[in-house]
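Engineer: Chains A and B are the protein sequences, given in the same order.
Residue numbering for the first sequence follows full-length UniProt numbering, starting at 1 and increasing by one per position.
Residue numbering for the second sequence follows full-length UniProt numbering, starting at 1 and increasing by one per position.
Let me begin by handing over the structure; questions about it come next.
Protein chains: 2
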Amino acid sequence: MNPSIIREILKLTERPDVISLAGGLPSPDAFPVEALREASARVLRDTPREALQYAASEGHGPLRDWVAGELRGLGLVVDPGQVLITTGSQQGLDLVGKVLIDAGSRVAVETPTYLGALQAFAPQEPVFAAVPGDDGGPAPEALDAVADARFLYLLPNFQNPSGRCLDEARRAALAGAAERLGLPLLEDDPYGALWYDAPPPPPLAARWPEGTVYLGSFSKVLAPGLRLGYVVAPAPLYPKLLQAKQAADLHTPGFNQRLVHEVLRDGLLATHLPGVRDRYRQQRDAMAAALARHLPAGCRWQRPSGGMFFWVTLPEGLDTLALLPAAVARGVAYVPGEPFHAGTPQRNTLRLSFVTASAERIERGIAAIGAVVREALADAAPAAPAADRRAA
Amino acid sequence: MNPSIIREILKLTERPDVISLAGGLPSPDAFPVEALREASARVLRDTPREALQYAASEGHGPLRDWVAGELRGLGLVVDPGQVLITTGSQQGLDLVGKVLIDAGSRVAVETPTYLGALQAFAPQEPVFAAVPGDDGGPAPEALDAVADARFLYLLPNFQNPSGRCLDEARRAALAGAAERLGLPLLEDDPYGALWYDAPPPPPLAARWPEGTVYLGSFSKVLAPGLRLGYVVAPAPLYPKLLQAKQAADLHTPGFNQRLVHEVLRDGLLATHLPGVRDRYRQQRDAMAAALARHLPAGCRWQRPSGGMFFWVTLPEGLDTLALLPAAVARGVAYVPGEPFHAGTPQRNTLRLSFVTASAERIERGIAAIGAVVREALADAAPAAPAADRRAA
């Protein structure tokens, strides 16, 4: 396993003079603190002995029921018995990796893809196969070449890092191809509720439930510090995941599960989410405007319709990892795109989060990045001497 | 991976008519509910944004400091930088397994040993080597035969399941042999604070800190439902464990870490633990008396000087797994000893927890087990016909 670049960069965000557009940290202004405070008092008043005791590895029953009900609203009909509560959806990746991957087996991934998934699978020593695609997502016809993979890992809604959302047609084509090939899908959906223009299409799991493992999270809609997510698995796979869960940490903290169930039962999401969406929509728009204003010609990005991230491609030849120290010196941090690639990395890419910093700080941060890029382009302009300098 | 017998049996404990001596569930009467209620209100009042946000994979700084200070009191001098907070100490087992075990590598264990450790290591496909020993623990001279193992997993204090505590001399001999052989130690210590006669000797890690990974837990001294434990690792190993931790669940819930640090900082343990020890000492004594009263001749056990468990060996030929349905029919549950063995199982063993049930229920439960054993001995008495019945 290699050192984590993201974690190292997150340390920079602790310096107040650095505007961090790096980590995907939800805005603390969006945490439902008051509701959690009341719920916490209620749980420790009404069911302290249950909340503080060892509990079932499957998770808290009423929370599993809630998840199943919520997914039905998205078009995914599941039994609560298929829901496994996890310590963040990151743990879902770990468990699926343990159950489905053997050393040397192939795992198909998008490129770029979520760095944390590559890290979660790594201990099982898979061989990653990057599935080619376009701005609309992985190419369905490319699945034939990875039909022998243990599964295809997909982040259909507002992908981390690219921000890209698969449309209906692409979902239908990918689910159809996977089912035809018998290629299991691992569908990761931490951002689905964070849509700013229109809700995303139904999950791929709704099209092929027997062949899809679905991962959800409460980190982005409530608060990440509680570490609560869930896996929804086809019935035959569930017992294996449950065993892996038990071996990993026995169960997810029962106190946290009851706390979150309390606020969900009270219907918090219906009142809480619109405000979160409004906040993040404004920040997304601020970043889109700042990018258009400050980035020089030759830089490319798509405006995401949800989630947390812009994915920016700089002119060919620039290396965003090499440019990071200059950016930090100018008071801004981003995540270089390189570690998000399982195959050949595109070194001229970078990821920007718009959910943590205010619109005003986003504007200043993007201006600084623009200055760094222009400076790098000026340095690179006289091609031959630049090559000489590199050789020296 | 095989289905978990313990988890299945734990489900029986939900039936109020069954006295469960099976699961190692701390008594909920021993949970410091009031202190946690106040601490929770304080954390969500004073630092809600920090407690609910993503946090460092290493764990909450002040809690790591507290752990290092506490361990110094046990004779183990560590830097807070060597402390990694985990989601229960079960996760420590998972992380160490991921970092140190490759498929086919040997892992040396006591026999019997903690079932959950065997399950945690299993996904990495080790080959278990059971180290022979006696009532005082593993035999130091037996370590030569497992010198090529990745590590020796030890539970020196009031072992789960045997209740056995290694004395000073055995600790010295084991740590000395391990250091001489270069055989790393994994020292698991969830029960050290639960001593009822005298505190246990210093950890083996204090004798050979460079070669020992030490695991601790807050589950038994505060409450398991918060899922908080820690790993203390030699400095060269720490970064690998940290990466595995990050890949497993990013970090342990920050809210829970701050909650527990609040009560620890207030000095709760000094006032809380003596009461917990008094409670469990009485229950241990009740079980010791009940076993002496109700178990027939030929049954053997040692009175544990701490922890949670009695380990009982029935007369040769009895199978505690086969007897379990009869016991449940009589209203009592225990854990058969078979799954605690990495090598050849001793099928006539069983584990009894004295921390969950009251003294009165312990008495009734042990009486029921005594009746089941006497019945089984009566059935087995005419040897030849019994063999015929099995063949039929």
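Heads up, the beta-carbon is just placed ideally off N, CA and C, and yes, glycines get one too.
Pick out whichever of B:Arg364, B:Gly192, B:Leu25 has its Cα sitting closest to the Cα of Gly331 (chain B).
Structural biologist: Here the closest residue by C-alpha is B:Arg364.
Engineer: The alpha helix (DSSP H) with Ser89 (chain B) in it runs from where to where?
Structural biologist: 89-100
Engineer: Run through the DSSP bridge pairs and tell me what Pro336 (chain B) is partnered with.
Structural biologist: According to DSSP, which records beta bridges pairwise, Pro336 (chain B) is partnered with B:Leu350.
Engineer: Between which two residues does the alpha helix (DSSP H) harbouring Ser40 (chain A) extend?
Structural biologist: 33-46
Engineer: In the DSSP output, what is Leu138 (chain B) paired with across the bridge?
Structural biologist: Residue identity check: residue 138 (chain B) is Pro in the sequence provided, not Leu. Answer is B:Gly133, bridged to Pro138 (chain B).
Engineer: Between Tyr114 (chain B) and Phe354 (chain A), what straight-line distance do the alpha-carbon atoms span, to the nearest angstrom?
Structural biologist: 47 Å
Engineer: When burial is assigned at 16 or more other CB atoms within 10 Å of the CB, is Pro16 (chain A) buried or exposed?
Structural biologist: exposed
Engineer: Could you check where the beta strand (DSSP E) with Leu310 (chain B) kicks off and where it finishes?
Structural biologist: This sequence places Phe at residue 310 (chain B); Leu is not what is there. Unbroken beta strand (DSSP E) run through Phe310 (chain B): 309-313.
Engineer: Given a cut-off of 8 Å on the beta-carbon distance, is the pair Ile85 (chain B) and Arg361 (chain B) in contact?
Structural biologist: no
Engineer: Starting from Leu154 (chain B), trace the alpha helix (DSSP H) in both directions and tell me its first and last residue.
Structural biologist: Looking at the DSSP string, Leu154 (chain B) is not in any alpha helix (DSSP H); the run it does join, the beta strand (DSSP E), is 152-154.
Engineer: Given Glu375 (chain B), which residues of its chain have a CB within under 8 Å of its CB, disregarding the five upstream and five downstream residues?
Structural biologist: Ala326
Engineer: Mind checking which residues open and close the alpha helix (DSSP H) that includes Asp188 (chain A)?
Structural biologist: Counting along the chain, Asp188 (chain A) falls outside any alpha helix (DSSP H), though it belongs to the beta strand (DSSP E) covering 185-188.
Engineer: Could you tell me whether the Cβ atoms of Thr111 (chain B) and Thr252 (chain B) are closer together than 8 Å?
Structural biologist: No, these two residues do not count as a Cβ contact at 8 Å.
Engineer: Helix, strand or coil: which one does DSSP assign to residue 400 (chain B)?
Structural biologist: Outside the displayed span of chain B (1 to 392) sits residue 400 (chain B), for which this structure offers no information.
Engineer: Near Leu323 (chain B), which residues of its chain fall below 7 Å by C-beta distance, leaving aside the five closest residues on each side in sequence?
Structural biologist: Val372, Ala376
Engineer: Find the nearest neighbour of Ser27 (chain B) within the set B:His341, B:Thr271, B:Met287, B:Val221, judged by alpha-carbon distance.
Structural biologist: Cα-wise, what sits closest to Ser27 (chain B) is B:Val221.
Engineer: At least one CB of chain A closer than 8 Å to the CB of Asp249 (chain B): is that the case?
Structural biologist: At least one chain A Cβ lies under 8 Å of Asp249 (chain B).
Engineer: Counting only beta-carbon separations shorter than 8 Å, does Lys220 (chain A) have a partner in chain B?
Structural biologist: At a cut-off of 8 Å between C-beta atoms, Lys220 (chain A) does not count as an interface residue with respect to chain B.
Engineer: Report the rounded CA-to-CA distance for Arg390 (chain B) versus Ala380 (chain B), giving the unit in angstroms.
Structural biologist: Any reading at Arg390 (chain B) must be qualified, since the residue scores a pLDDT of 43, below 50, and its modelled position is unreliable; no value is offered.
Engineer: Evaluate contact between the region 37-48 of chain B and the region 223-238 of chain B, counting only Cβ atoms and requiring at least three cross-stretch pairs below 8 Å.
Structural biologist: no
Engineer: Check whether chain B comes within 8 Å of Gln159 (chain A), counting only Cβ atoms and requiring the distance to be less than that.
Structural biologist: Not a single C-beta of chain B is nearer than 8 Å to the C-beta of Gln159 (chain A).
Engineer: For Trp195 (chain B), list the residues DSSP reports as bridge partners.
Structural biologist: Note: Trp195 (chain B) sits in a beta bridge opposite B:Gly306.
Engineer: Does DSSP classify Ala55 (chain B) as helix, strand or coil?
Structural biologist: Residue state, collapsed to three classes: coil.
Engineer: Going by alpha carbons, who is nearest to Thr344 (chain A) out of A:Gln124, A:Val109, A:Trp311?
Structural biologist: Among A:Gln124, A:Val109, A:Trp311, the Cα nearest to that of Thr344 (chain A) is on A:Val109.
Engineer: Could you give the DSSP three-state label for Thr271 (chain B): helix, strand or coil?
Structural biologist: helix
Engineer: When the cut-off is 8 Å and only beta carbons count, does Tyr54 (chain A) lie next to chain B?
Structural biologist: yes
Engineer: Anything in chain B within Cβ reach of Glu40 (chain A), meaning under 8 Å, just list it in chain order.
Structural biologist: In the sequence on display, residue 40 (chain A) carries Ser and not Glu. Here the neighbours are Ser40, Ala41, Leu44.
Engineer: Determine the extent of the alpha helix (DSSP H) in which Ala120 (chain A) is found, giving its start and end residues.
Structural biologist: Per DSSP, Ala120 (chain A) belongs to the alpha helix (DSSP H) from 115-121.
Engineer: Tell me which same chain residues have a C-beta within less than 8 Å of the C-beta of Gly317 (chain B), skipping the five on either side of it?
Structural biologist: Asn348, Ala380
Engineer: My guess is that Asp188 (chain A) and Ser89 (chain A) are in contact by the Cβ rule of under 8 Å, so how many angstroms apart are they, rounded?
Structural biologist: Yes, they are in contact, since the Cβ atoms of Asp188 (chain A) and Ser89 (chain A) sit about 7 Å apart, within 8 Å.
Engineer: Check the C-beta distance from Pro138 (chain B) over to Leu174 (chain B) and give it rounded, since I have them as a contact under 8 Å.
Structural biologist: 7 Å
Engineer: Give a yes or no on whether the minimum CB-CB distance between Lys245 (chain A) and chain B is below 8 Å.
Structural biologist: no
Engineer: In terms of residue numbering, what span does the beta strand (DSSP E) encompassing Val260 (chain B) cover?
Structural biologist: It is not in any beta strand (DSSP E) - Val260 (chain B) instead sits in the alpha helix (DSSP H) that spans 254-265.
Engineer: From the DSSP output, in three-state form, read off Thr320 (chain A) for me.
Structural biologist: Thr320 (chain A): helix per DSSP, three-state reduction.
Engineer: Does the CB of Asp94 (chain A) have a neighbour CB from chain B at under 8 Å?
Structural biologist: For Asp94 (chain A), the answer is yes, since a Cβ of chain B falls inside 8 Å of its Cβ.
Engineer: Helix, strand or coil: which one does DSSP assign to Pro3 (chain B)?
Structural biologist: In this prediction, Pro3 (chain B) has a pLDDT of 48, which is less than 50 and means its spatial position is unreliable; nothing more can be read from the coordinates.
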